[in-house]
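Per numbering that gives the first Met the number 0, numbering through the sequence shown is continuous, rising by one, with the last residue being 364.
In this text, a Cβ means the ideal position worked out from N, Cα and C, and glycines have one as well.
Step one of this worksheet: look at the structure below.
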Amino acid sequence: MRIAQVAPLYESVPPKLYGGTERVVSWLTEELVAQGHEVTLFASGDSLTTANLVSACPQALRLNPNCIDQFAHHVYMLQQVVNRKDDFDLIHFHIDYQHFPVSRSEQLSQITTLHGRLDIPDLVPMYREFAEMPVVSISDAQRIPLPWVNWQGTVHHGLPENKFAPCAKSGDYLAFLGRISPEKGVDRAIEIAKRAGVPLKIAAKVDRADKEYFETRIKPLMDHPLIDFIGEISDHEKNEFLGNAWAFLFPIDWAEPFGLVMIEALACGVPVVAHPFGSVPEIIEDGVSGFLVKDVEEAVTALKRIPSIDRAMCRLQFEKRFTARRMARDYSAIYERIVREESKALTISDGDLNWMELESPSSTT
0 MRIAQVAPLY ESVPPKLYGG TERVVSWLTE ELVAQGHEVT LFASGDSLTT ANLVSACPQA
60 LRLNPNCIDQ FAHHVYMLQQ VVNRKDDFDL IHFHIDYQHF PVSRSEQLSQ ITTLHGRLDI
120 PDLVPMYREF AEMPVVSISD AQRIPLPWVN WQGTVHHGLP ENKFAPCAKS GDYLAFLGRI
180 SPEKGVDRAI EIAKRAGVPL KIAAKVDRAD KEYFETRIKP LMDHPLIDFI GEISDHEKNE
240 FLGNAWAFLF PIDWAEPFGL VMIEALACGV PVVAHPFGSV PEIIEDGVSG FLVKDVEEAV
300 TALKRIPSID RAMCRLQFEK RFTARRMARD YSAIYERIVR EESKALTISD GDLNWMELES
360 PSSTT
């Protein structure tokens with residue numbers, strides 16, 4: 000198939016540092032190319048891909064100090080997509096609802112993966128207006144706030160099998176990886192580590208929007224010999240950081256749509272201790288690949304049971320359920336179904352038109 004992948008422009012594809020959606024787009028794009036599809040990637044110019052790259056800006060926007068209006072670049076990218084719409088059998092958007100008016104007016108053959116949270120009241124009237132738009136969820140839990148939209152399937156994220164190597168022997172520290180924000184629960188991770196008496200290494204990004212929260216609420220908690228704040232790390236540093244951990248902490252306080260870092264930990268053979276919100280129960284099997292806990296006290300108790308978790312089983316869970324090959328296969332099936340249904344609808348429409356022309360008085364002699 001001829002497929003377009005349309006990525007956000009905030010990070011490169013793949014990201015240089017933190018970035019979830021763009022990383023998933025990269026893995027999906029490369030796997031689709033490997034499976035023989037003709038893929039065009041719309042992304043920032045500093046992206047790296049084996050697909051045909053079309054760039055709307057030379058550099059990812061988050062790391063570009065000269066970028067003032069990020070939305071302008073996305074509008075330009077949408078026009079680039081429209082200009083080439085006839086080159087594709089299907090366009091796969093990863094920019095949420097930004098393209099909906101254009102896709103409707105241009106009647107694009109398209110689908111959208113929704114990567115973010117949907118429990119926001121502001122979204123309801125918009126999704127009701129564009130109820131026909133075909134969308135894909137990244138977990139079944141993500142659908143709960145909007146069960147009535149045009150869901151085409153759930154596709155769990157996947158990453159390349161050789162991206163991370165499992166580490167059979169665990170280290171002596173707990174790991175927290177992600178973003179510093181209230182819903183991610185780094186404060187709870189710190190409390191768990193302190194109460195368990197186990198070192199905690201924190202590799203996390205601090206967005207401008209969360210800087211005050213970090214300075215006033217989190218930074219004071221780090222003044223402790225057990226806590227080591229590393230900061231934002233690159234993709235290449237993750238394997239060592241995660242693989243050498245005794246366990247990975249994911250004490251979130253919100254309905255996480257997916258939680259990519261959980262499958263990264265599993266790929267490294269590391270058990271996950273997490274709160275069972277959002278997608279977490281779909282990803283972590285309690286007692287097999289980690290433990291689902293309700294609070295700090297349960298997390299501390301669960302850490303004592305970490306030796307009962309087989310790290311090889313964590314890796315096996317990843318290989319069976321969360322590879323890029325499986326993700327691309329799932330998406331390909333959805334692509335083919337949409338194209339097939341649209342082709343069938345067009346054929347029926349053309350047939351009705353021909354019948355009307357035959358029956359029309361103006362067509363008789």
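Top-ranked residue by Cα proximity to residue i, from the options
| i | options | result |
| --- | --- | --- |
| glycine 196 | Gly184, Pro224, Asp209 | Pro224 |
| aspartate 85 | Asn51, Val269, Ile282, Arg1 | Arg1 |
| leucine 77 | His91, Cys66, Pro64 | His91 |
| leucine 31 | Ser331, Val272, Ile337 | Ser331 |
| serine 138 | Phe129, Thr153, Pro144 | Thr153 |
| alanine 59 | Ser108, Pro256, Pro7 | Pro7 |
| arginine 324 | Glu160, Glu10, Val74, Leu122 | Glu160 |
| glutamate 128 | Trp147, Gly115, Ser136 | Trp147 |
| glutamine 97 | Leu302, Glu255, Tyr75 | Tyr75 |
| leucine 241 | Asn149, Arg339, Gln316, Pro270 | Pro270 |
| glutamate 214 | Ile179, Phe247, Lys200 | Ile179 |
| glycine 18 | Lys193, Asp234, Gly44 | Asp234 |
| alanine 50 | Pro14, Gln4, Leu199, Leu173 | Gln4 |
| histidine 73 | Gln109, Lys218, Arg328, His93 | His93 |
| alanine 192 | Pro14, Ile226, Glu211 | Ile226 |
| aspartate 118 | Ala344, Glu236, Leu345, Glu255 | Glu255 |
Paired residues, beta bridge with residue i - DSSP
| i | result |
| --- | --- |
| aspartate 285 | Gly289 |
| alanine 42 | Ser54 |
| phenylalanine 249 | Ala273 |
| alanine 3 | Thr39, Ile90 |
| alanine 327 | Per DSSP, none; premise fails for alanine 327. |
| lysine 204 | Arg178 |
| leucine 199 | Leu173, Ile226 |
Host beta strand (DSSP E) of residue i (start-end)
| i | result |
| --- | --- |
| aspartate 227 | 226-228 |
| valine 134 | 134-136 |
Residues near residue i by beta carbon distance below 6 Å, same chain, minus five either side
| i | result |
| --- | --- |
| proline 250 | Gly184, Arg187, Ala188, His274 |
| glutamate 281 | Ser138 |
| isoleucine 201 | Phe175, Phe228 |
| glycine 157 | Phe321, Thr322, Ala323, Arg325, Met326 |
| tyrosine 9 | Leu60, Arg61 |
| phenylalanine 247 | Ala174, Ala264, Val269, Val271 |
Residue i: first and last residue of the uninterrupted alpha helix (DSSP H) it sits in
| i | result |
| --- | --- |
| histidine 155 | Run containing histidine 155: none; DSSP gives neither H nor E here. |
| threonine 111 | Unbroken run through threonine 111 is the beta strand (DSSP E), 109-112; no alpha helix (DSSP H). |
| aspartate 234 | 234-242 |
| histidine 223 | Looking at the DSSP string, histidine 223 is not in any alpha helix (DSSP H), and its letter there is neither H nor E. |
| proline 124 | 122-128 |
| lysine 193 | 185-195 |
| proline 100 | 99-105 |
Beta-carbon contacts of residue i that lie in its chain and below 7 Å, excluding the five residues immediately before and after
| i | result |
| --- | --- |
| glycine 177 | Lys183, Ala203, Val260 |
| arginine 216 | Asp186 |
| aspartate 209 | Ile179, Ser180 |
| proline 360 | In this prediction, proline 360 has a pLDDT of 49, which is less than 50 and means its spatial position is unreliable; what the coordinates show is noted afterwards. Nothing listed; no residue qualifies. |
| glutamate 21 | Ala6, Pro7, Glu10, Ser11, Val12, Pro13, Pro14 |
Collapsed DSSP secondary structure at residue i in the structure displayed
| i | result |
| --- | --- |
| tryptophan 26 | helix |
| threonine 346 | helix |
| serine 362 | With a pLDDT of only 41 at serine 362, under the threshold of 50, the placement of this residue in the model should not be trusted; the figure read from the coordinates follows. It is helical. |
| alanine 264 | helix |
| leucine 60 | coil |
| threonine 20 | helix |
| threonine 215 | helix |
| glutamine 151 | strand |
| serine 11 | coil |
| leucine 173 | strand |
| leucine 77 | helix |
| threonine 300 | helix |
| leucine 117 | coil |
| leucine 145 | coil |
| leucine 47 | coil |
Close-in-space but distant-in-sequence residues of the same chain around residue i (CB under 8 Å, 5 per side omitted)
| i | result |
| --- | --- |
| arginine 310 | Pro165, Cys166, Ala167, Ser169, Gly268, Val269, Pro270 |
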